[in-house]
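Take a look at the structure set out below.
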Amino acid sequence: MTMDELDRLAASMRSENLTVEANGRMLTLRIARTQWKNSINAALIREIGAALDAAEDSSTCRLVVLRGEPGCFCTGLDFQETAGVSDVPPSDTVDIDKFMALLRRFATSPKIIVSVVDGKVIAGGVGLVAASDLVLTTPRSEFSLSEALWGLLPCCVTPYLIRRIGFQKCYSMTMTTLPISAEEAHRFNLVDELTDNPDDSLRKLALRLNLLEQETIADLKSYFRKMWIITSEMEQTAVQETTRLSALPRVRRNITNYVQHGLFPWHRKD
Amino acid sequence: MTMDELDRLAASMRSENLTVEANGRMLTLRIARTQWKNSINAALIREIGAALDAAEDSSTCRLVVLRGEPGCFCTGLDFQETAGVSDVPPSDTVDIDKFMALLRRFATSPKIIVSVVDGKVIAGGVGLVAASDLVLTTPRSEFSLSEALWGLLPCCVTPYLIRRIGFQKCYSMTMTTLPISAEEAHRFNLVDELTDNPDDSLRKLALRLNLLEQETIADLKSYFRKMWIITSEMEQTAVQETTRLSALPRVRRNITNYVQHGLFPWHRKD
Amino acid sequence: MTMDELDRLAASMRSENLTVEANGRMLTLRIARTQWKNSINAALIREIGAALDAAEDSSTCRLVVLRGEPGCFCTGLDFQETAGVSDVPPSDTVDIDKFMALLRRFATSPKIIVSVVDGKVIAGGVGLVAASDLVLTTPRSEFSLSEALWGLLPCCVTPYLIRRIGFQKCYSMTMTTLPISAEEAHRFNLVDELTDNPDDSLRKLALRLNLLEQETIADLKSYFRKMWIITSEMEQTAVQETTRLSALPRVRRNITNYVQHGLFPWHRKD
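Protein chains in written order, with the numbering used here: chain A, 1 to 270; chain B, 1001 to 1270; chain C, 2001 to 2270.
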C-alpha cells in the first residue's frame, strides 16, 4: 500500500462516529459524537477497530493518532447502552468484552497509538488514554474516573492505568472520583507530554518515531507485554466484574434514574 | 446501627492506647501512647482491630481515620516487645503475623481508611500509612525506615509501600534509612495530599467519599486486590523473614543494648 | 581481609578496561575505555565481575562504586562485538547472557552498588545504572535508550528499568529513543540524587551506609528480590529476545553499515 492508498482509504472510511484522515505515515482518528459528549458506543468501538485494521494493513502507516473534539476527548462508555436502557437493540449495545479487547489492541498493535487530548476525559475515555503508547495533552484537559459514583468501577481501565501511573494514583482516582488537571496528570505520567501546541509536538514526535522500522515497533510492543503483570486472566476478571456490577439492581436503578430523570445517585440518599 | 449508635459505640471504646471518636460517617482513631512515642504494641493492634470491627458492623460509617499525636504519628513496633525483652508476658508481645494481618485488613476492609499524619512516622508506622487507602499530611511530617540500622528489615511494610511508591523508592528508603520530608513524600506519592489544614482537607474529602455507597467501597477494594502483585504467599514471606531476623543473636544484642544501655549498634563497631 | 588488604587488592587489579581503587570501605571501579566511548565489551564484563568477586571476599568493603569517564559514563554494548563484525575472535565477544547475569549480580550482591554518573549514558549503560542499588548524577548527564533505532531493543535493561522508573517511562524511553536530562531522570527516579558535587554526596552517603552491617545488606537485597516481579524466566526471555534480534539480517545490516561505512539505518530509508 502506498501513501496515496492510505489517503484514499482514510477518505473512504468516514463514518458516523469517527472521522479518519491520512497524513504521511500518520492515520488520525477523531471521535466525533458531539451530541453524545463523545461517549463510546458499540459502533465507535467497531469503527476504531476497522481503522486499526486498515492501518495495520498499510506498510506506510507508523502512527495512529486518536483525538476527540476540542474541549472533550471522550466521556466513557455510553450510559444508555451500558445499562441496556437505550433504544439501540440489545444486540448492538456496548459489549464490555469488545472494549477490553480494544484496549488490548492499542497495547499490542504493531502501529504506535498516540492519543492527543484537548479537554475532558472521563471513565472509559481514561482507558483509551491509558492504553495508548504515548499521550500528548493541552493544559486545559482534565481526567476523571467517575464510575464509583454510580456503583460501577473502571475495571477495564485499571490494568492499563496501573501500568501507566502506578497502583496508588489509579486507586485514589477511582476512590475519590475527583478530576486530575493536565499538569498533575503530566507530573505522574498519565500523559507523556504537556504542550500548548499539540500539532507541533505531534509533528516532532512523528519525525522521531518514523525513524523506527515497522518490525521494530511490533517487536517492542510484543516484548514489553512480557515484562509486565497484565495477563489474559486479569482482563477476563475485568470483564466479569464489569458485567456483574452492571447487572446489579442498585446500579441499574442509579443509571436509569439519571438517564430518565436526570437524578444523580446521591440525590436519593439519606 | 444509626449515627447515634456509632457515637455511643465510639464513646464506649476509649482504651489505654487509642482514643476513638465518632463524627458523622467518620470514626476517628487516635494512637495515644505518648509515653512510648506512639509505638505499636500488641494491645494497640488489638484495639485498632476492635475499632475496625465496630466500624464494619456500622452501616453508617464510611471512613475510619487514623491519627497520631501532634508531632508524632507512630514510631513503629515496640522494640521491647519485639525483642522479647519487655516486662510484658511473651503471650502478650507483638505477634508480627497480627501486624501483617492489620495492614491487610486496612487494604481490604469495606471502610475507607484515611491516615492523617502530623509528625514523625518511623518503621512499622510507615506500614500503617502505606496500607491506608488515602493519606493526608502536614508539611512538618517526616517518614523513615530505620529497621536496617538494627539488622532488621521493614518486611511487612514493603509489599504495601512498593504498591504505593514503587520499588525503587521503597528500596532506597530501606537501604539509606534516611528520613523523607513531607514534601518529598507527597512528590512520590507516599502521601496523597500535603496540607496545612488537615481537618479542612479531611472534611472536604469526607464530603466526596460519602457519595459512595458502602457496597461500592467493598467492591472497589476487593477488585484492586486482584489487580496487583501482593499475594498471601508474599505476606507469609514477610512474616517469616521478620521472625527469622528478630531471632538472630546479633539483632537481639543490638536491641537489648539499646533498650537496656541506650547504645546504638554502630557504637560498638570498629 | 583488612582495609590494607583491600587497598593492595585494588592496586593489583588495574586492567585494560577498568581502573580499580580502594578507599576505606569503598571499592571504586572506573570504566576506562575512552577510545571506545566507554562501551561494554566482553573483557569489561569479566573485569567488573572479578572486582565484585574481590569486593565480596572482603569483609571490610561495604560499597562498590561504578563510575565512567568525565562526560561519558557508558555507551552500551560494543556494537562491533555485538554484531560479530569486530576483529575479536567470536569466543571472546559479548555474551548477552553474561551481561544479563552482571545486572542480576548488581541486584543481588551483598555489597551496595552505587553508580556515580557524570555524562552520557546510552543503551546497555542505562542497564548498569538501573540495576545499581543507588545512583548519583551530575546535572550534565543524559540518559537514552537508542536500541530501537537499530532494530534492537533494550531487552536486558527493561526488567531493571521498569523496577526503577515504572512501566510507562521505560516504554516511552524505548519507543521515542529520545535522551532524558539528569533533572528529568531525577524527577522520575532513574537516579536517586542529583548533585553538583558527587564526591561530597558519595562521601555523605557512604557514612550513612557504613552504619549497616554486612549481613543486613545481604538480607535486604535478597528480601527485595522476593517482593518484585523479576524472575529467572523473565531474564531468560530478555536474553533470548536479544539473541533473536541481533541475528536478524536487517539488524546485522544496520550495524554493519554503521560500523563499516558510518551510515545510520534511516539513511537508506525511503
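From the three backbone atoms N, C-alpha and C, an ideal C-beta is built for every residue, glycine too.
Think of a sphere of 7 Å around the beta carbon of C:Tyr2223: the chain B residues whose beta carbon falls inside it are Leu1153, Cys1155, Glu1241, in chain order. Secondary structure note for A:Lys98: its alpha helix (DSSP H) is the uninterrupted segment 96-108. For the C-beta of B:Leu1202, not a single chain A residue is nearer than 9 Å; the gap to the nearest is close to 13 Å.
The beta carbon of B:Glu1056 is closer than 8 Å to those of Ser1109, Pro1110, Lys1111 in its chain, skipping five residues each way along the sequence.
Here B:Leu1066 has Leu1029, Ser1115 as same chain residues with Cβ atoms under 6 Å from its own Cβ, once five neighbours each way along the sequence are excluded.
When Cβ-Cβ separations below 7 Å define contact, A:Gln214 makes no contact with chain B. For B:Thr1019, DSSP records a beta bridge to B:Arg1030.
Residues Leu27, Ala55, Lys111, Ile113 of the same chain have their beta carbon placed closer than 6 Å to that of A:Val64, with the five preceding and five following residues left out of the count. With distances taken between CA atoms, C:Ser2039 lies nearest to C:Gly2076 out of C:Leu2212, C:Glu2081, C:Ser2222, C:Gly2076. Distance from A:Gln214 to A:Ser59 at the Cβ level is roughly 7 Å; contact confirmed, criterion being Cβ atoms closer than 8 Å. Closer than 7 Å to the CB of A:Ser144 there is not a single CB belonging to chain B. The alpha carbon of C:Glu2183 has as its nearest neighbour, out of C:Asp2192, C:Thr2176, C:Arg2046, C:Met2175, the alpha carbon of C:Asp2192. Counted as a single uninterrupted DSSP element, the beta strand (DSSP E) harbouring A:Glu142 occupies residues 142-144.
Here B:Gly1119 is near B:Gly1071, since their CB atoms are less than 7 Å apart. Taking 8 Å as the upper bound for CB-CB distance, C:Pro2139 and C:Ile2230 are not in contact here, some 30 Å apart. Straight across, the Cα-Cα distance linking B:Val1094 with A:Phe79 is about 50 Å.
Going by C-alpha positions, C:Gln2168 is about 47 Å away from B:Leu1009. Using a Cβ-Cβ cut-off of 7 Å, C:Gly2166 counts as an interface residue toward chain B, since at least one Cβ of chain B sits closer than that to its own.
Contact with chain A is absent for C:Tyr2258, since none of that chain's Cβ atoms lies less than 7 Å from the residue's Cβ.
Residues of chain C whose Cβ lies closer than 8 Å to the Cβ of B:Tyr1171 are, in chain order, Asp2133, Phe2224. The continuous stretches of alpha helix (DSSP H) do not include B:Phe1264, and DSSP gives it neither H nor E.
Residue contact check for A:Met234 against chain C: no CB pair falls below 7 Å. Considering only C:Val2117, C:Gly2125, C:Gln2240, the residue with the shortest C-alpha distance to C:Leu2103 is C:Gly2125.
At a beta-carbon threshold of 8 Å, the residues of chain C lying near A:Asn189 are Gly2166, Gln2168, Lys2169, Phe2188, ordered along the chain. Here C:Arg2067 carries a strand assignment [DSSP, helix/strand/coil]. If you check the CB distance, B:Asn1023 and B:Leu1044 do not come in under 7 Å. Contact check for B:Cys1155 against B:Ala1247 fails: the beta carbons are separated by 7 Å or more. Beta-bridge analysis with DSSP links C:Ile2122 to C:Ser2144. The C-beta distance from C:Val2117 to C:Ser2146 rounds to 17 Å, too long to meet the 8 Å contact threshold. For the set C:Arg2252, C:Ala2148, C:Thr2243, C:Arg2253, the Cα lying nearest the Cα of C:Asp2097 is the one of C:Thr2243. Contact check for A:Asp92 against A:Ala148 fails: the beta carbons are separated by 7 Å or more. The beta carbon of C:Arg2164 lies closer than 7 Å to those of Ala2130, Asn2189, Leu2190 in the same chain, with the five residues before and after it left out. A straight line joining the alpha-carbon of C:Thr2174 with that of B:Pro1249 spans about 47 Å. Approximately 49 Å separates the beta-carbon atoms of A:Glu241 and B:Tyr1258; this is outside 8 Å, ruling out the contact. With a 10 Å radius around the Cβ and a threshold of 16 neighbouring Cβ atoms, C:Asp2200 comes out exposed.
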